[in-house]
Structures are given as structure tokens and as C-alpha cells.
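Before any comments, here is the structure.
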Amino acid sequence: MKPHLPCVLLLSLLAGAALGATPQPKLLLPSFDALADKATESVSITLDSSLLGMAAKFLDPNKPEDAAAREVLAGLQGIYVKSYTFDEDFVYPKADIDNVRKQLAAPGWSRLVEVRSKKEQANVDIYMSVEGEKALGLAIIASEPREFTIVNIVGSVDLDKLHQLEGKFGVPKLELETDAKAKVRPGNQK
Amino acid sequence: MHSATSTADEHLASARKGNAGSFEALVRLHQRTVHSLALRMLGTRDAADDLAQEVFLQLHLHLSSMESAAHLAFWLRRVVTHRAIDRLRSRPQVAIASIDDEPEIVDTHAATDDPLLQHRLRELIGELPASARAVMLLRYQEDLDPVEIARTLDMPINTVKSHLKRSLAALRERLSAAKRISFEEFGYE
Amino acid sequence: MNDHLEDELRRALRPADPGDDFTRKVMARVRSRETTAPAPRTRASHQALRWLPAALAASLLMAIIVKHERIEERTTDERAIEDGLRARDQLLAALQVTSAKLDLAYQAVQNEAR
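Heads up: the sequence lines are chains A, B and C, in that order.
All letters in the first sequence, in the order written, are residues 0 to 189 by numbering that gives the first Met the number 0.
All letters in the second sequence, in the order written, are residues 0 to 188 by numbering that gives the first Met the number 0.
All letters in the third sequence, in the order written, are residues 0 to 113 by numbering that gives the first Met the number 0.
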């Protein structure tokens, strides 16, 4: 049975949420325009609340992927994705990614999951922004030698529903090498 | 010596003046592309015949706005893919299990043809979401580059590239799961 | 690594000719449409138009303007539909990328839990 760890973590996060400055669930993402020219593949998606509303009208409830997307969409105010693939190792600017990580070190953001895979040199960090008992946003930073991806979702996010989407897109679920170590950080650690 | 393009331009010029024979020549020139795109998008011969015929009827109505043979080819690809996507969106999405209506393609140059693999690939293409399917067909059936695909589908270039990347990854994954296909030959791990 | 797959895709997706039967059906439909189309204007009818009362000419002009506005509306509507469909495609693409990265993390968490 699949462990619902993120849900458990979320509850503990909500219980121990830090007080203080209002969390900023929308990150300031670099444009990476110069990077797009060097990349073999690039994805840059900016969907604010009005575009999400527009997209919602065109989701077909008869199609599984559209119906699943509609469920996830409820409560979201924005989705921002930057994903770039290169044909050489580590040609993307680490400084820009570190700047995004600095924003995620601010009060209100907590890291849920930290994955480090030595074999694939793949790292995945998942952060959640909370205020009181309310989830305000999600951020994912994933990096491999020839690819990096930053995802920022603003609004109330259901991680389980998001994860289940993959099977509906015609893309099989990915298998991670068994040597990957996942550090699960309970509470409010950064 | 006439090039293929100049012949097509001549047929277009003549068809615009009402020459039925020239219009029929244009149909013959492009029916392979239009019908194959329709068939691989929609999945059944009847639906493909209907759509492809409609596209040529539209062409006949819009001949006067065709600027050149190249423009006409672009227009045909654009209309057939857009209309196929519209039709797919307006009906419940059903994966195309098998395009058995595909006519057999006899190619005397293809000494390395693997009919089973090719059939499987066509099946898998038919299981992709509509936009991804259109991108893959324009790339690998029509040999368009991502910029041309973006223009044809009115799609951002980044979205085209994403569709190509993810679809190829999905195809690789599914092929590797099929026990009867040998991948040592292709150097897959 | 994709090169072999791409070559195979090109082979699998070579377009196939639907044959003479298809061509005949297209031409039959073209001819059928032509025979039901309104008859072309004759020289006499062109000359008759010159004598149209001004009020009727104004009505015709209004009809043309309204039709043009409707075409503009349809064009605006078509653009709105295209924008909406594009937004939908981008939404699905964004969710797909997100769920793929989540799956990497989920798999690692499951492996750690074993």
C-alpha cells in the first residue's frame, strides 16, 4: 500500500507552521531567456488565474486527463514551469537555481522531501508554503546533469491528485534507481 | 526541366481558373499526405475518408487564396490537423487500438522493414493525446521541423518540443515493455 | 539513442496513397457542389444593378457591413477558442511535468520506506 507520507507531513507542517512574515507562494523565477537558446528542449509555462480559468473552460470532462486536471485545478491560482534540457552536463547556471532556493528558505516555506540520487546525479526537492492551516503553494526543484526543472504552483494543492495525473497522460510512471536516498523532513525544517 | 514545385504551381494556376483536371492533379498530389494524417489522427478509414474529402472540398472553395504550391501544402496540413484535433475533442477520447485500415505500404528500398514494430509504433502513436499525436505525425510522417510544426498547429515552439520529447520517451518505454520486440538491434539498454 | 527509434517512426509513418477511388469521390463531391451552386451573374443582371434605387443600395451596403462585422466576430471568437485551447494544452503540459517530478520523489520515498 502506497504510504501517504506527504499527507502526514502536511498535517505536521500545518500544526507547526511558523508565525511571522506572510509567506509568498509565488516565486520570482528568472526568465532563462538566454538559456532557451542553448537548450535542446525548453518548456516555459506561465498560467495565472485568468489563463487557468480560460483553460478550465476547454477541459473535456469525457477525457480522463482533462477530468483529472479539472480536479487538480480547483483552488489553484497559478502554475509556473521552467524546464530545460541540454546536450552537455551542467551547462545551466547553478546561481539562478540557488536564487530560487533562497526564496524557498523564507518563512512560510518548508521542504517536504529531499531526494539525492548518486547514480543518476538527480536531485529533487519539494517545498510547500503554508499559513496557519492553509496550504498556499508548492515548489519543486529537480535537477540532473543535463536537465533542470522548476515548478511553482500557487494555491491549494493536492499532492496525491497531482501525482496520480501521470498515469492519465499516456506517459508511464518513471522508475527511480533503487540507490536513490530520500530524506523525509518532518516538521518545519528548511 | 520542370521541378515538382513548378508543376504544382502550374496545376494551381490552372485550377484557379476552373480547370477540373488541374484540381484533380492537385488532389492526387496531396491525397497521400492529407488522408494519412486524417487516418492516423482519427483512427478509422471512414472518418479519415470523410475528413480528407472535406478538406479537399474546402481547398476547392479557397483556391483563390492559395498564394503558391508551398502555401497550398502548408494550408492542407494545417486544416487537416486542426480539424482532426477538433473532431477528437468533440468526442470521448478512445485510444486507437489498432489502425487495421492502414493500407500496406510496399517499399522496395526498405530491406530492414519490421512490419510488427511499425504496426506497434502506429498503435502507440494512436494512443497519444491529440496534440502530441499531431506533433509526432507532422514530425515523422511529414518531416517538418519544430518551427514548421509550431506554425502549422499554432502552438508555441516550446510546447512542440515538449510533445516530441515526452512522446518519444513514452514510446521508448512502451516498446521496451513489449517482450516480442528485440531491442539489442537498436542498442537500447 | 533516439535515432533508431526516429528512423523506425519515419518508416512506420510513411504516408500511404488512398487510391483512385478516393480521388474519384473527391471529384464527384466537387462536381456535385458546382452543379448546385447559384448561377453566375449575366451581363444583363450586372447592368440592372446600376439602376438600383439608392435606398436598396444602402440596404445592401448595411448588409455587407453587418456581414463583415459578423466575420470579425467569428474571427474574434475563433481566436478566443484558439487561446483557450492553447491554455488547456499548456495546463496539461505543466501538470504532466509536475507529476513526473513528483513521481521521482514518490518512488524514492517508497524505496526508503521499504
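Where a beta carbon is used, it is the ideal one built from N, C-alpha and C, also for glycine.
In this chain, the beta strand (DSSP E) harbouring aspartate 124 of chain A covers 121-130. By the Cβ neighbour-count rule, methionine 61 of chain C is exposed, with fewer than 16 other Cβ atoms within 10 Å of its own. Valine 156 of chain A has its alpha-carbon roughly 28 Å from the corresponding atom of leucine 163 of chain B. Lysine 133 of chain A: member of the beta strand (DSSP E) spanning 133-143, first to last residue.
Scanning its chain for C-beta atoms nearer than 6 Å, with the 5 sequence neighbours on each side dropped, one finds around glutamate 70 of chain A the residues Lys160, in chain order. A residue is called buried when at least 16 other Cβ atoms come within 10 angstroms of its Cβ; serine 98 of chain C meets this threshold and is buried. Shown in chain order are the members of the region 17-28 of chain B whose Cβ falls below 9 Å from a Cβ of chain C: Ala19, Phe22, Glu23, Val26 and Arg27. Cβ proximity to chain B below 9 Å picks out Phe57, Asp59, Asn61, Lys62, Pro63, Glu64 and Asp65 from the region 56-70 of chain A.
Annotation for serine 48 of chain A: the continuous alpha helix (DSSP H) segment containing it runs 48-56. Contacts between aspartate 112 of chain B and chain C, judged by CB atoms closer than 7 Å, involve Arg10 in chain order. A Cβ-Cβ contact shorter than 8 Å links leucine 90 of chain C with isoleucine 78 of chain A. Scanning B:Thr158, B:Leu170 and B:Ser130 for the CA closest to the CA of lysine 81 of chain A turns up B:Thr158.
Residues are counted here when their Cβ sits less than 9 Å from a Cβ of chain A; for the region 155-179 of chain B these are Pro155, Ile156, Asn157, Thr158, Lys160, Ser161, Leu163, Lys164, Arg165, Ser166, Ala168, Ala169, Glu172, Arg173 and Ala176, given in chain order. Here DSSP, grouped into helix, strand and coil, assigns valine 134 of chain B to helix. If you compare the alpha carbons of B:Ala169, B:Leu38 and B:Glu23 with that of alanine 15 of chain C, the shortest gap goes to B:Leu38. It is roughly 18 Å from the alpha-carbon of valine 25 of chain C to the alpha-carbon of threonine 43 of chain B. Isoleucine 139 of chain A and valine 129 of chain A do not touch by the CB rule: their CB atoms are close to 16 Å apart, not below 8 Å. When A:Ala105, A:Ser30 and A:Leu135 are compared, the shortest CA-CA separation from leucine 75 of chain A is found for A:Leu135. The continuous beta strand (DSSP E) containing phenylalanine 147 of chain A extends over residues 146-154. Taking aspartate 65 of chain A as the centre and dropping the five residues before and after it, the same chain places the C-beta of Leu58 and Asp59 closer than 6 Å to its C-beta, in chain order. Counting only Cβ-Cβ distances below 9 Å, glutamate 40 of chain A has contacts in chain B at Asn157, Lys160, Ser161, Leu163 and Lys164, in chain order.
Across the region 22-54 of chain A, CB contacts with chain C closer than 8 Å involve Val42, Ile44, Leu46, Leu50, Leu51, Met53 and Ala54, in sequence order along the chain. Leucine 161 of chain A reaches chain C at Leu94, Thr97, Ser98 and Leu101, counting residues in chain order whose Cβ is nearer than 8 Å. Counting only residues of its own chain and dropping the five nearest sequence neighbours on each side, serine 43 of chain A has a CB closer than 6 Å to the CB of Lys81. Three or more Cβ pairs closer than 8 Å define a contact, and the region 71-91 of chain B falls short of that threshold against the region 167-176 of chain B.
Pairing alanine 104 of chain C with valine 99 of chain A gives a Cβ-Cβ distance that is not under 8 Å. For aspartate 82 of chain C, the nearest beta carbon of chain A is closer than 8 Å to its own beta carbon.
Contact of leucine 158 of chain A with chain C is assigned, a C-beta pair being separated by under 8 Å. Annotated as proximal: leucine 75 of chain B and valine 33 of chain B, with beta-carbon spacing under 8 Å. When beta bridges are read from the DSSP output, tryptophan 108 of chain A appears opposite A:Ser128. Taking the Cα of arginine 15 of chain B as reference, the smallest distance to any Cα among B:Met40, B:Val54 and B:Leu58 is reached at B:Leu58.
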